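Undergrad:
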Amino acid sequence: MKAHRNPALSRFAVLASTAALVLAASACSTSRQVGGSNSAAAQDCGGKSTAQKQIDAVWQKAGANLGLSGLRPAETNVCQVDTSKYKKNGPYTIAYASQGPTNSWAMEADYFIKNEAAKQHAKLLYASANGDAGTQVNNIQDLLAQKPDALIVQPMGSSVVGQVRQAAQRDIPVVVCTGRLPDGTPGVVSTVGRSYELQGTLLATWLAKKINGKGRIAILSGIPGVPTTEYEYQAAKKVFAGYPGIQVVTRQYTHWSPTEAKKVAAQLAVRYPNLDGIWTDSGVSETGVIQAYQAAHQKIPPMTGDSSNAFLRAASTASGVQFAQSAYPPEQTRTCLDTAVSVLQGKKVANVVEVNSAVYTNAELAKYYRKDCTDNLWIPTELTMAEAKKLKVC
Amino acid sequence: MTAATQSVTDRSSFAGARMRIVTSLGGIVIVLVAAAILTPSFYGSANLNDLFRQIGFIGVAAIGQTFVLLVAGIDLSVGAMLGLAMVVSAQLTGGHNDALAVAVLAALGLGLLGGALNAGLVVGRRVPPFVATFATFTLIEGGISAWTKGSPSGQVPPGLSWVGAKSIAGVPTPILIFVVLLAVAAFVLGRTSYGRRVYATGANPAASRLSGVPVRAVVTSTYLISAVLALIAGLMTSGYTGYVDNYLSHNLNLDSIAAAVVGGTALTGGKGGVGRTTIGVVLIAVLIDFLGLLGVGNAGQLLIEGAVILGAVWLQGRGRSAAQTG
Numbered sequence: 001m002k003a004h005r006n007p008a009l010s011r012f013a014v015l016a017s018t019a020a021l022v023l024a025a026s027a028c029s030t031s032r033q034v035g036g037s038n039s040a041a042a043q044d045c046g047g048k049s050t051a052q053k054q055i056d057a058v059w060q061k062a063g064a065n066l067g068l069s070g071l072r073p074a075e076t077n078v079c080q081v082d083t084s085k086y087k088k089n090g091p092y093t094i095a096y097a098s099q100g101p102t103n104s105w106a107m108e109a110d111y112f113i114k115n116e117a118a119k120q121h122a123k124l125l126y127a128s129a130n131g132d133a134g135t136q137v138n139n140i141q142d143l144l145a146q147k148p149d150a151l152i153v154q155p156m157g158s159s160v161v162g163q164v165r166q167a168a169q170r171d172i173p174v175v176v177c178t179g180r181l182p183d184g185t186p187g188v189v190s191t192v193g194r195s196y197e198l199q200g201t202l203l204a205t206w207l208a209k210k211i212n213g214k215g216r217i218a219i220l221s222g223i224p225g226v227p228t229t230e231y232e233y234q235a236a237k238k239v240f241a242g243y244p245g246i247q248v249v250t251r252q253y254t255h256w257s258p259t260e261a262k263k264v265a266a267q268l269a270v271r272y273p274n275l276d277g278i279w280t281d282s283g284v285s286e287t288g289v290i291q292a293y294q295a296a297h298q299k300i301p302p303m304t305g306d307s308s309n310a311f312l313r314a315a316s317t318a319s320g321v322q323f324a325q326s327a328y329p330p331e332q333t334r335t336c337l338d339t340a341v342s343v344l345q346g347k348k349v350a351n352v353v354e355v356n357s358a359v360y361t362n363a364e365l366a367k368y369y370r371k372d373c374t375d376n377l378w379i380p381t382e383l384t385m386a387e388a389k390k391l392k393v394c
Numbered sequence: 001m002t003a004a005t006q007s008v009t010d011r012s013s014f015a016g017a018r019m020r021i022v023t024s025l026g027g028i029v030i031v032l033v034a035a036a037i038l039t040p041s042f043y044g045s046a047n048l049n050d051l052f053r054q055i056g057f058i059g060v061a062a063i064g065q066t067f068v069l070l071v072a073g074i075d076l077s078v079g080a081m082l083g084l085a086m087v088v089s090a091q092l093t094g095g096h097n098d099a100l101a102v103a104v105l106a107a108l109g110l111g112l113l114g115g116a117l118n119a120g121l122v123v124g125r126r127v128p129p130f131v132a133t134f135a136t137f138t139l140i141e142g143g144i145s146a147w148t149k150g151s152p153s154g155q156v157p158p159g160l161s162w163v164g165a166k167s168i169a170g171v172p173t174p175i176l177i178f179v180v181l182l183a184v185a186a187f188v189l190g191r192t193s194y195g196r197r198v199y200a201t202g203a204n205p206a207a208s209r210l211s212g213v214p215v216r217a218v219v220t221s222t223y224l225i226s227a228v229l230a231l232i233a234g235l236m237t238s239g240y241t242g243y244v245d246n247y248l249s250h251n252l253n254l255d256s257i258a259a260a261v262v263g264g265t266a267l268t269g270g271k272g273g274v275g276r277t278t279i280g281v282v283l284i285a286v287l288i289d290f291l292g293l294l295g296v297g298n299a300g301q302l303l304i305e306g307a308v309i310l311g312a313v314w315l316q317g318r319g320r321s322a323a324q325t326g
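Structure representation (structure tokens):
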């Protein structure tokens, strides 16, 4: 599950679609975001090698966890930003324009950033967009009116660029958290999060090697047009293109819905029996695959995804299933807050901060599966049991 | 209107209805033939099992929608009712069977409250059904969001898998449930005075009222029926996946209306029925399944579904025009 699953907006879209249906047309929309590359404003930016080394280390560590050596990111415009102009004394007031707790991932993400703010003795001005880009535009306006020292945005879309520009005009540094804004958006000091390109490349490389570089595979993506879906897919596609023996027979969307995933996977099992592998971008999709293949009494092909307890529970019921997981941790919002604090302390920060996460295969299922917790838990978690119970994920 | 013009209108209306049924059946045949040629795996037992389940899920919700459409209403809260059923079954049971009966009863009770709210707004306050049921949808969604702290997810009890994922004598339970409910609905609408009152209310509420039909009670009952059937569909779909799933309401809300309309139930009330809705349900489900097997992407599926619905609505409009000018 990703930061930008957007049920509230989707449901509004459903109603809009229903209205259109009644009036004789039917169309469906979900949240759409325009992504940009991970580059920040170019001013006061140097130290490329330091920033690149940090990113290289994240990629190498992720690859090493799956036994993949030499995994390297594409050349990107990264650097260390001089933030001395933002330096001020604490305690800090930091505004956080959140996606809002529209799913368990986002709920945990909010929890982590609030906790981190308390630890850093920072006052967090919080605003939930409830998954809606329009609401977030208003939220940022309201947050800026409270004159925060810094602004953290979990962007719901590029529509917030205008508000981010306003922050820049007021000399308020902006940290983009678990998402992206278009290239060159003024005021963005740093973009923090798990790299979409890493997720896509890592899991595709593992799958390609798992099937010895040849065979028929299917791709199950999330919501069409959403950056998380598209960037990860593009990265995976690039990897598969390097293996002439691999044939991508179909790409389908699961909308990160377990039901839709099960339905799509059931059709995969019928249409393409004996697939060699399934690349997915989500544990939700993987859960549907296991259910569908079990129902069809077919051997479950090797597959990939992010790391949810729901999937691990399903995998624990399926003997011999092979998978690779790369977590998209809700904990990364803590790094967003820490980065904002560093900016306000005048420390140099990378314009792109890529976050480490747990990467593992089915060999470590027993280590990661939390039988004592619900399917809402994102694995692994740094929540204590008391915190997990408070959030009702254990 | 003279007796002669009434007769012409009736004949035109009958011909229009027959044309819609024939068109829908023709659509099903075309898709089935295309599937035989292009995707022979369509007829494999695994796919047919899955298709029957989908017919069951859409069908149960569509029966309820048909009742509401017959009284010239529309129920846009079906999706929220589905969500409510799922969330209640997960939250009250914690994924265990122990409290399943209580959770089901609680879900039905809350659903009836939602249905009563719809009816209260439509009948009591004369709010247009589109607006009233949209308000209820929003209210329930808000309630679910508040209850689950914005995170409506979790496991549903394994006991529910009997109504969604299991089979009886090789036949998937969702379609069995649908067939039973369909038979009951067909009997009620076709063989009882209540059914006649439903049609009369939809065709001409003023005349029905003057004839002694308790129009308000009839309309109220249809919203209650729709709510309960939406909840049952929600419990079935939860049982199918085993998880609370926000996306479910998306599909079934839309498909329940589409199935009824494509089958030929009039949006203006008084015409149609669950038999026609069944044809619509089968057409929609077969089409979705076929397109999925073909590997047609989401955009393509929506385009084709949209075209089918447009065609159905166009036929309805054509039928009305023929009746008015005939």
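From first to last, the protein sequence lines are chains L and P.
Residues in the first sequence are numbered from 1 upward in steps of one, following the UniProt record's numbering.
Residues in the second sequence are numbered from 1 upward in steps of one, following the UniProt record's numbering.
A virtual CB, placed ideally from N, CA and C, is assigned to each residue, including glycine.
Here the structure is a predicted model, which means the values were calculated and not measured.
State the DSSP-derived secondary structure class of THR83/L, mapped to helix, strand or coil.
TA: Coil, per DSSP.
Undergrad: Comparing the C-beta of LEU293/P with each C-beta of chain L, is any distance below 8 Å?
TA: LEU293/P counts as touching chain L.
Undergrad: Does the stretch 74-89 of chain L touch the stretch 106-121 of chain L, meaning 3 or more C-beta pairs lie closer than 8 Å?
TA: With the cut-off at 8 Å, the stretch 106-121 of chain L and the stretch 74-89 of chain L do not touch.
Undergrad: Could you give the DSSP three-state label for ASN376/L: helix, strand or coil?
TA: In this structure, ASN376/L counts as coil in the three-state DSSP scheme.
Undergrad: Consult DSSP for PRO129/P and reduce its assignment to one of helix, strand or coil.
TA: Three-state DSSP puts PRO129/P in a helix.
Undergrad: May I ask you to list, following chain order, the residues of the stretch 213-242 of chain L that have a beta carbon less than 8 Å from some beta carbon of chain P?
TA: Answer in chain order: PRO224.
Undergrad: Contact criterion: CB-CB distance below 8 Å. Does SER41/P meet it with respect to chain L?
TA: So, interface residue.
Undergrad: Please tell me whether TYR223/P has its Cβ less than 8 Å away from any Cβ of chain L.
TA: No, TYR223/P lies away from the interface with chain L (no Cβ there is under 8 Å from its Cβ).
Undergrad: On the three-state DSSP scale, how would you describe TRP256/L?
TA: If DSSP states are grouped into helix, strand and coil, TRP256/L belongs with coil.
Undergrad: Mind checking who MET303/L pairs with in its DSSP beta bridge?
TA: In DSSP, MET303/L forms a bridge with ILE278/L, PHE323/L.
Undergrad: Hey, does TYR293/L have any beta-carbon neighbour from chain P nearer than 8 Å?
TA: For TYR293/L, the answer is no, since every Cβ of chain P falls outside 8 Å of its Cβ.
Undergrad: Verify the contact flag: LEU100/P, CB atom, against every heavy atom of the ligand NAP, threshold strictly below 7 Å.
TA: This structure does not include the ligand NAP; it has no bound ligands of any sort.
Undergrad: How about SER257/L: is its C-beta nearer than 8 Å to some C-beta of chain P?
TA: By this cut-off, SER257/L is an interface position.
Undergrad: With C-beta atoms as the reference, is THR136/P less than 8 Å away from GLY164/P?
TA: Not closer than 8 Å, so no.
Undergrad: Determine the extent of the alpha helix (DSSP H) in which ALA97/L is found, giving its start and end residues.
TA: Taken as a continuous stretch (DSSP letters only), ALA97/L belongs to no alpha helix (DSSP H), being part of the beta strand (DSSP E) at 93-98.
Undergrad: My output table needs one value for GLY242/L: the three-state DSSP class, helix, strand or coil.
TA: GLY242/L: coil per DSSP, three-state reduction.
Undergrad: So, for LEU224/P: in the same chain, excluding its five sequence neighbours on each side, which residues have a beta-carbon less than 7 Å away from its beta-carbon?
TA: Same-chain partners within the cutoff: LEU112, GLY115, ALA116, ALA119.
Undergrad: In whole angstroms, what is the alpha-carbon distance linking SER31/L and GLY100/L?
TA: With a pLDDT of 29 at SER31/L, under the threshold of 50, the modelled position of this residue cannot be trusted; read the value that follows with caution. The alpha-carbon atoms of SER31/L and GLY100/L are separated by roughly 14 Å.
Undergrad: In whole angstroms, what is the alpha-carbon distance linking ALA185/P and LEU143/L?
TA: Computed Cα separation, rounded: 54 Å.
Undergrad: PRO155/L: buried (16+ other C-beta within 10 angstroms of its C-beta) or exposed?
TA: Per the 10 Å Cβ criterion, buried.
Undergrad: Can THR277/P and ALA61/P be called in contact, C-beta distance under 8 Å?
TA: Contact flag unset, no.
Undergrad: How long is the line joining the alpha carbons of ALA335/L and ALA204/L, rounded to whole angstroms?
TA: First, the residue type needs correcting, since residue 335/L is Thr and not Ala in the sequence shown. Rounded to whole angstroms, THR335/L to ALA204/L spans 27 Å at the Cα level.
Undergrad: Could you check if TYR43/P is buried or exposed, using at least 16 other CB atoms within 10 Å of its CB as the buried criterion?
TA: With fewer than 16 other Cβ atoms within 10 Å, it is exposed.
Undergrad: Pick helix, strand or coil for VAL153/L, following the three-state DSSP scheme.
TA: The answer is strand: DSSP assigns VAL153/L an E or B state.
Undergrad: Report yes or no: is there a C-beta of chain L within less than 8 Å of the C-beta of GLN155/P?
TA: For GLN155/P, the answer is yes, since a Cβ of chain L falls inside 8 Å of its Cβ.
Undergrad: Using the Cα positions of LEU108/P and GLY277/L, report the straight-line distance between them to the nearest angstrom.
TA: Using only the alpha carbons, I get a separation of about 42 Å.
Undergrad: Closest by CA to VAL188/P, which one among ILE304/P, THR66/P, LEU121/P, ASN253/P?
TA: The option with the nearest alpha carbon to VAL188/P is THR66/P.
Undergrad: Could one say the Cβ of GLN267/L lies closer than 8 Å to chain P's Cβ atoms, at least one of them?
TA: Yes, its Cβ sits closer than 8 Å to a Cβ of chain P.
Undergrad: Would you say ARG370/L faces chain P, with C-beta separation under 8 Å as the test?
TA: Not closer than 8 Å to any Cβ of chain P, the Cβ of ARG370/L fails to qualify, so no.
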